[in-house]
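Just add 5 to wherever you are in the sequence shown, counting from 1, and you've got our numbering.
By construction, the Cβ of each residue, glycine as well, lies at the ideal position given by its N, Cα and C atoms.
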Amino acid sequence: MTTEANNRVIKIDKSSLVDLKNACDDALKEYLETKAGYKQSHRHTDTKLVLGYVGCAIAAAGSYYGYIHPFELPDTKFWTGVSVALYYLFNVLMMAYGYLVEKNTVFSGSKTTPNGKQTISVGSSVKSYDPYYDLDIHMEFSGASATTKTKKSAHQQFSTGFSSWFDEDGVLVQDQFEADIAKFFANTEATHIE
């Protein structure tokens with residue numbers, strides 16, 4: 006059984022590390038959702054969206070207040086200044102959240118296994134002028150039996166050259182990519198830490 010996602014060819018410019026990383030990030034997300042059975046959590050995106058929407062709502066309210074009241078009034082200047090300051094504050098909070106909390110996370114999700122629940126967080130990065138895809142995998146395993154609750158975690162980092170996943174035309178070799186990713190996750194699962 007083939008799906009449309011499996012027939013999709015990912016082709017990019019091999020001279021751009023950003024394009025290589027983004028293509029691998031997209032293929033990684035697709036693999037984790039369709040083949041590894043994880044359900045993606047959108048907590049980071051939702052948090053940044055809420056912060057952005059609140060900032061925009063405050064700016065819109067300040068604009069509306071300035072529209073219905075003449076700008077020469079001291080109250081209008083004060084509330085316009087407050088709305089601009091709050092808009093700026095919420096944008097700074099959104100950027101700080103991305104930098105300090107989300108960091109380089111490209112996928113976070115969970116799945117239910119026969120032994121309990123497994124959550125995962127995967128970060129990826131690329132260093133300037135270094136054609137290697139660096140993965141940072143965090144896994145947590147939680148389960149409960151009739152008498153005890155168990156919680157284990159695992160963390161590993163992997164680095165692979167883009168040349169092993171892309172052919173000379175810039176097409177992602179999906180089978181090789183998925184085989185390597187599956188191997189990385191199997192190695193991480195094998196290193197449970199209690």
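Cβ-based neighbour list, Lys-132, same chain, cut-off 8 Å, excluding 5 preceding and 5 following = Asp-139
Hey, is the stretch 167-179 in contact with the stretch 12-32, meaning 3+ C-beta pairs nearer than 8 Å?
-> yes
If you draw a straight line from the C-alpha of Lys-122 to the C-alpha of Ser-46, how long is it?
-> 14 Å
Using a threshold of 8 Å, state whether the C-beta atoms of Gly-114 and Lys-53 are closer than that.
-> no
When every heavy atom of the ligand SAM is checked, does at least one fall within less than 7 Å of the C-beta of Val-59?
-> Ligands displayed in this structure: none; no statement on the ligand SAM is therefore possible.
At a cut of 8 Å, does the stretch 92-100 reach the stretch 27-41 through at least three beta carbon pairs?
-> no
Ordered list of beta strand (DSSP E) runs contained in the stretch 76-125, each at least 3 residues = 110-118
Is the beta carbon of Phe-190 sitting closer than 8 Å to the one on Ala-28?
-> no
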